[in-house]
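Residue numbers for the sequence shown follow our numbering, so the first one is 145 and each next one is one higher. Taking it in order: structure first as structure tokens, then the write-up.
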Amino acid sequence: MERILEIIGGLRKAGPELFRVETPIPQAYAAADPDHLRVELTAGAAAQLVVLHTKAGVARLDVELAEGAQLDLTEIFLGETFAEIALRQGERSCCRVTTVELSSANASYRIDLNGRGASNELNGVFLATEKEHCVVRLHTAHNVPDCTSVSCIKGVADDEAVGEFSGLVYVAPDAQRTDARQQSRNVLLSEKARIETMPQLEIYADDVKCSHGATVGQMDSEAILYMRQRGLSEAQARALQIEGFVGDIVRRCGVEPLGEALMRLAAAKLER
């Protein structure tokens, strides 16, 4: 965790209560353990924001993107945090969200696409071990025509841990030409681990492209055996395979060194 705190400490501070961006030149900002942070990007503004949760408690994040605004948001959960995140996007705004849970945490995202041409991409990972319980909830509302949303949540559970994902894509009656895709992919590392996944579509328009899917599977035993025959321990082999599974999402964190630091923390957790 020390390396992650070091990276966060080197970024510009956002908040403590209101973070407002007006410049179109993106810069990286960070907020550590905010209780309630409001984020506002004016028309055409751009920013990168990292929000770190390390303590138990309740947190709320409210994000408002005006016309043409662009936000790259990374949320990292290293504590038992219950977080509510509300994103409201205006016309032609773009928001990319990466959420990483490496502890028992509960993150609920509510995304409202309120302006034509708005797009949202949300990718997330949760890694639960021992008796941890990780939860990701996602509600994406296409309230107007011509908007796009893409989400992919990957979960890993070991020991007696539990993971949950529930995702709803709502398409309003007038939200024609919606393009929405939702995917949930999960891996169980033990017989007692459990992951529940429930992607849903609620569509009231007829000119749409919408899809969703979910999988829950086991480790590739042949790949594990192959790596063990070449000198790796079982824990190292599993960590390497999981790195390949979740690495593409974790490394999407907007601040470049952060992804590698999170991957090292995840690998160390699996090898314990």
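Just so it is clear, CB atoms sit at the ideal spot from N, CA and C, and this is done for glycine as well.
- In the structure shown, residue 324 adopts extended strand secondary structure according to DSSP, grouped into three states.
- The beta carbons of residue 294 and residue 338 sit about 27 Å from each other, so the pair does not count as a contact at 8 Å.
- Less than 7 Å separates the beta-carbon of residue 257 from that of residue 291.
- Note on residue 298: 16 or more other CB atoms within 10 angstroms of its CB, so buried under the neighbour-count rule.
- For the 7 Å CB-CB criterion, residue 246 and residue 215 do not form a contact.
- By the Cβ-count criterion, residue 408 is exposed, with fewer than 16 other Cβ atoms from all chains shown falling within 10 Å of its own Cβ.
- CA-CA distance, residue 239 to residue 201, rounds to 26 Å.
- Measuring C-alpha to C-alpha distances from residue 349 to each of 192, 343, 321 identifies 321 as the nearest.
- Judged by pairs of C-beta atoms under 8 Å, the stretch 221-236 touches the stretch 193-212, as three or more such pairs exist.
- Secondary structure of residue 157 (DSSP, three-state): strand.
- Apart from sequence neighbours up to five positions away, the residues of its chain that approach residue 217 with a beta-carbon distance below 6 Å are 193, 241, ordered along the chain.
- No Cβ-Cβ contact shorter than 7 Å links residue 191 with residue 168.
- The three-state secondary structure of residue 166, taken from DSSP, is coil.
- Excluding sequence positions up to five before and after residue 188, its CB lies within less than 6 Å of the CB of 168, 212, all in the same chain and listed in chain order.
- The shortest CA-to-CA distance from residue 157 to any of 196, 390, 317 is the one to 196.
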